[in-house]
Every structure is written in structure tokens, then in C-alpha cells.
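Taking it in order: structure first as C-alpha cells, then the write-up.
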Amino acid sequence: MAKLKSLWSWGLGLLLAAVLSAPQAYADNIENIRGFANQDKTRVVLDLDFNPTYSTALNDNGRTFVVRVKNVDNYKTAPAKISVAQGSAVKGLSKNLDNRDVRYIFTLQGSSTPNVFVLKPQSGHNYRLVIDFPHTSTTVKSSGSLQVLDQKTAEARKGTGRGSGGIPPTHVITVQDADDAENALLNSLSQVGSDGIRTMTPQQAQTYEQKLKELREEQAEAAAQAAKQQAGGNRTQSPAQAAQQPVEEVLDTQAPPVPQLIQAVPDPFIIAVDAGHGGKDPGAIGKRGVREKNVTLAIAKSLAQYINSNKQFRSVLIRSSDVFVDLNRRSEIARQKKADILISIHADSVASGSSARGASVWVLSNNRAERENKKILNSGSKKGQQLLGGAGDVISQSEQNPYLAATILDMSSDNSRSEGYILGQEILAKLGGFTRLHNKKPIHASLAVLKSPDIPSLLIETGFLSNQYEEIQLNQPNYQKQIAYAIYQGIASYYEKYPKQRFKSRQESAQRVLNHEKVHTVKKGEYLAKIARSYNVTVAEIKKRNSLTSDTLKIGQELIIP
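Taken in order, the sequence shown gives residues -27 to -1, 1 to 535; the numbers are from mature numbering (1 follows the signal peptide of the UniProt record, and there is no 0).
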């Protein structure tokens, strides 16, 4: 018995020793702090082994930024040094303790409002608290390494470099100011035709590029002058501070599956993929500087890769680089390549302060197209250029977004609209499985251009660059690939579910135009004899043209009227 007790005591002691000597795997520690700088921003990253609770504050007219990380276990020994390359907007850094909270105080020069977000564990990394300091017009110089000061040293140095020839306050020209100036320049050097499309002559385009460069240089100089004036003691709240809002947590996105080759067919389904904007036309620009033309091109290229991996399909990229393609030319390319469908990729933007977010699909409505066509052709008024229907809360006037309006205008034909709507439903279903939807059904826009009906077309808004959360997402390569993969899945679903519609646009639309045929959608209360009378044809002619074996019709059914 004594021997058994001895063994038990020895085992218990060994267990206690193991427990007491085991590392604290679940401690809430700040493991590391690191940073780098490029031409556009300075990024500081806190490596953590926990999901942090934090708060931020921008003080001293944008010269000081405080990040408080709450309830840190290693608050006393948290990292005390950071390396930052030349070009950094961070000129000083001190660490301050408040009970178990760690406060990092950044002294800034040449930075606009910082952006803060959390990245969750992925690819060997633990939690990361990311702080981005966007650079203003001038690139600042910095030493290669910054020492984090302890609280006592920081207090001793307090006030030595501020308000007396030290770091000047930063003046921020708002995104809206810059956009308004650039829009005014665009309007002054272009003209809107009767079809609602804004165009430039080659000479105007050359002048526009030069004037745009000069305008941005003037904005940079104005910002520098304003900073000097504020250094005299003006302590009023800056626009950047007034507009400061908490930034949502933005997660890393997993990459979608790698494209898998699928067996070829003799006559593939051809998909024209249009990356919106390009070249001199940047499209929407987010507050972090993300440009729509770059987002759409990345998504379009990924979509083309998925399409071409399925040998039942073949993609046609309307543009494959950062070039401007006229809106009329985009449709012509799709027609020349005998595309069965045309998909135009965009990223949306709305007025500052709106919380709008999510993906949506636009198709052309059939109930107002004729009336709106007449308005546009008979008057070049702004009212006639408005995008109506369910998209009214997204885009107000085509003059503010002429290329988007022109893309919508190019979606014509009763048959193409109906097929575009079906395809849009399939794509929305797949997009909704990955990202938030702004509208769960395709949006009808009620403008059309009077051209021969040919290709089912739709416009996909992949998200809102005006939303700070989605701007970060849309700039992530894996997120772009996931959007492309969802669109591809929607196309594949459409192809499998509706085989009769695969080549209808290419094989039938042109012939119907030559035969002066129309498409009628059956409404409630209608029957064959009534429809035949309204078009001055016989029931037999309608039945023969549509291969009908009975007089029974369904609401929503489409009939070709000979």
C-alpha cells in the first residue's frame, strides 16, 4: 500500500509539473509588430494569437493616431521595435499602458485617414491587426527602423516636436472634391450624342490626359499649402476626422477550385466577357484608390480562364489589358465573334454616406423600352438619359456614369432580354452562395438602343467600391476569383438547364428580324385567338411557327409572332 501511495504521489507530481511548465497556448499576446511602405501607403501589422478587441482615435489634426488593443496578457512585454522602409508616413511610435490595455501611438506625416481591419488566421498566419496609412500627394522620408518608446520616455518627450516647427498637420482633399473636379474636366472635353454616349475626339483625349495630370498636380500643391496654413495653430477638426467611422472586419478569402478541363463539343457555347471601363476611363474609384477598371479586368480574366477550361464553352475577352474600348465597339466585337451571350463586369458606386453593398445583375426591361427610346432620340435631355426601373436607387443619371448607361442601352431584343433574365437568375443564385446580394432578382433597366436584336446581354455589378468593406474585398485576388467562379457556375447551370436556349440568339434572332417577326409574352387572361387578332395573324400561323400541339398557354410563355 505504501508503495502504491508513493507511485500515486510521484505520478501526481509529474502531472502537476507538466501542467505548470506547459506553455500558455491560449494567452492573449501581441507576438510581433512589423511594417512596410510603398508609394501609396504605409502598412503596420500586429501579429496576435487572439481575435483582438480594439479602438482607434485620430488626434492633433491628423498628426497622431492611437490604436488601443484591449485585455492583452503580455502587455508589459509587448513588442518594442518596428522596422519601416523609406517612404513611411509613420515618423514616430510610442507604447502606453492602461491596466491591461496596450496603446500604440503613431506620429504621422503625409497620411490621410488610416484604415484598420482584422485578418483571421489563414495560410500559416495567426490573427493580424492591420493599420494602413494612405499617403497624401508627397512621399515622406523615414529611417529604416523605429524604436517604440516606453511610457516614461514618451511623457518626457511630449510636446517637443509639435506646434513649433515640428510635424505639420495633414490637410486632406476629400474624394468627393477630387471626383467633382475630374468629372468637370471630363465633361468639358467630351460631348454626349443623341444615343447618350459621351465621346472624345483623338485631340480631346490627348488634351484630357494632359489636363488631368495638371489637375492632380494642382490638388497636391493645394494640399501642401493648406498644411502650411494649418501649422499656424488652426486646431479645427479636419474633414478626415469628421468622416472617421469604424472599419468593419475584413476577412481573407479562400481561393476557388482550380479550373478542371471538360470534354470538348463540336460547336462550343461562346461567351463574350466585357471588363467594364479601361484606359482613360477608370470607372468608379474607392476611397482607398481602388479603380473599377482594374477590378473588372481581373475578374474578367479569371472568368475567361474558367470558361475556357470547359471545352463546351469558349470565351471572348472584349479587352485583355488596360485599354479604352468604345461602347459600340464592344458590342461589335461580340457580334464578330458570334457570341451567344454577352456579360459585362462592373463594380458599383453611390453617393458618399450610403451603406449600399452587394452584387446585382441588370437586364433590359421590355415594358418601357420603346417609350424611352423615343425620349432619348427626340431629346438629349438628362431626364431622357436616366436609368429607370429597379436600378433607380443605384444610378441617378447617365451623365455621371455614361459608360454604364451606354452598356445598358446596348442590351436589346425581346428574345435576348428574356434569355438574359433567365441567365441572370442563375448567376445571382450562385453569387448569393458566396457574397451578399444587393438585389436578389435581376434588375430591369428601361432603356434600349434601336439596333437589330442579337445577343442576350446582362451587366453584373460585383459590389460597391463606395463601400469601404467591399472596396477591400474587391481588391483581393482570391475574392475576384471567387466572383468569377460564381459567374461561371451560373453560366454552366444555365447551359445545362435550358438547352433549347443555348444557340437561340445566334441562330434565330437574325432570321426573325429578316422575317419581321415579333415576340409576345403571354399575360393573364390571354388566349391564342385573342393574341392572333391583336397581331392580325391566324391561330394556325402562330401554332405552326411555335410548334404548338394544343391551344393551351401558360402565363409568361413566349410566342414568336410570324
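Built from N, CA and C at the ideal position, the CB exists for glycine as well.
Is it true that the CB of residue j sits closer than 8 Å to the CB of residue i?
i                 : j                 : result
glycine 249       : glycine 256       : yes
valine 238        : lysine 284        : yes
leucine 81        : phenylalanine 106 : yes
isoleucine 400    : isoleucine 428    : no
tyrosine 48       : valine 91         : no
aspartate 33      : glutamate 4       : no
alanine 320       : glutamate 265     : yes
leucine 315       : serine 430        : yes
arginine 330      : glycine 259       : no
phenylalanine 286 : proline 241       : yes
leucine 396       : leucine 404       : no
glutamate 102     : valine 42         : As written in the sequence, residue 102 is leucine, which differs from the glutamate given in the question. Yes, the pair counts as a contact, with Cβ atoms nearer than the cut-off.
aspartate 1       : valine 40         : no
Return the CA-CA distance between residue i and residue j, expressed in angstroms with no decimal places.
i                : j                : result
alanine 312      : isoleucine 464   : 13 Å
aspartate 20     : glycine 35       : 25 Å
threonine 174    : isoleucine 243   : 33 Å
arginine 292     : glutamine 227    : 27 Å
glycine 252      : tyrosine 471     : 37 Å
glutamine 149    : alanine 157      : Only weak support exists for where glutamine 149 lies, its pLDDT of 46 falling under 50; the value from the coordinates is given anyway. Roughly 12 Å separates the two Cα atoms.
leucine 501      : glycine 393      : 26 Å
histidine 493    : serine 28        : 60 Å
serine 386       : serine 282       : Caution applies to serine 386, whose pLDDT of 49 falls short of 50 and renders its modelled position unreliable; the value that the coordinates give is listed next. Distance between the alpha carbons of serine 386 and serine 282 is about 30 Å.
glutamine -4     : tyrosine 77      : A caution first: glutamine -4 carries a pLDDT of 43, below 50, which makes its placement in the model unreliable, though a value can still be read off. Computed Cα separation, rounded: 24 Å.
serine 425       : asparagine 11    : A caution first: serine 425 carries a pLDDT of 34, below 50, which makes its placement in the model unreliable, though a value can still be read off. Each residue's alpha carbon lies about 50 Å from the other.
threonine 50     : lysine 68        : 11 Å
asparagine 99    : alanine 277      : 34 Å
asparagine 412   : glutamate 443    : 16 Å
isoleucine 6     : glutamate 305    : 53 Å
isoleucine 534   : arginine 518     : 8 Å
phenylalanine 38 : phenylalanine 79 : 5 Å
alanine 402      : leucine 521      : 31 Å
arginine 506     : serine 391       : 24 Å
threonine 511    : lysine 503       : 10 Å
serine 288       : glutamate 490    : 30 Å
methionine 384   : asparagine 24    : Confidence in methionine 384 is poor, its pLDDT being 45 and thus under 50, which makes the residue's placement unreliable; the coordinate value appears in the next sentence. Those two C-alpha atoms are separated by around 47 Å.
glutamine 177    : alanine 271      : 29 Å
lysine 14        : serine 61        : 8 Å
What is the DSSP secondary structure of residue i, reduced to helix, strand or coil?
i              : result
proline 450    : helix
tyrosine 27    : strand
glycine 251    : strand
asparagine 32  : strand
serine 275     : helix
glycine 8      : strand
serine 85      : coil
asparagine 283 : strand
glutamine 120  : Bear in mind that the predicted position of glutamine 120 carries a pLDDT of just 45, short of 50, making it unreliable; the figure below should be weighed with that in mind. Looking at glutamine 120 - three-state DSSP - the assignment turns out to be strand.
lysine 491     : strand
isoleucine 231 : Per the sequence presented here, residue 231 reads as valine, with isoleucine not at that position. Coil.
tyrosine 100   : strand
alanine 332    : strand
alanine 51     : coil
residue 538    : Limits of the chain in this structure are -27 at one end and 535 at the other, which puts residue 538 out of reach.
threonine 269  : helix
residue 536    : Outside the shown range of the chain, which is -27 to 535, sits residue 536, and nothing can be said about it.
serine 430     : strand
tyrosine 468   : helix
isoleucine 291 : coil
isoleucine 445 : helix
Between which two residues does the beta strand (DSSP E) containing residue i stretch?
i              : result
lysine 68      : 63 to 71
isoleucine 515 : No beta strand (DSSP E) contains isoleucine 515, which is instead part of the alpha helix (DSSP H) from 512 to 519.
leucine 21     : 14 to 21
isoleucine 318 : 314 to 321
threonine 37   : 37 to 42
residue 569    : The structure shown does not extend to residue 569, since the chain is modelled only from -27 to 535, so the question has no answer here.
Can you tell me whether residue i is buried or exposed, with buried defined as 16 or more other CB within 10 angstroms of its CB?
i              : result
isoleucine 528 : exposed
glutamine 446  : buried
alanine 364    : Bear in mind that a pLDDT of 29 at alanine 364, under 50, signals an unreliable position, so the number given afterwards is only what the model happens to contain. Counting Cβ neighbours within 10 Å, alanine 364 comes out buried, since at least 16 surround it.
residue 543    : This structure leaves residue 543 out entirely; the chain is present only between -27 and 535.
arginine 72    : Note on residue identity: the sequence assigns asparagine, not arginine, to residue 72. Exposed, by the Cβ-count rule.
proline 450    : exposed
asparagine 509 : exposed
aspartate 524  : exposed
arginine 302   : exposed
proline 87     : buried
glycine 8      : buried
What residue range does the alpha helix (DSSP H) around residue i cover?
i           : result
lysine 304  : Looking at the sequence shown, residue 304 is not lysine but serine. Start and end: 300 to 309.
leucine 438 : That residue, leucine 438, is in no alpha helix (DSSP H); it is neither H nor E in DSSP.
lysine 501  : A small fix is needed here, since residue 501 is leucine in this sequence, not lysine. Unbroken alpha helix (DSSP H) run through leucine 501: 501 to 508.
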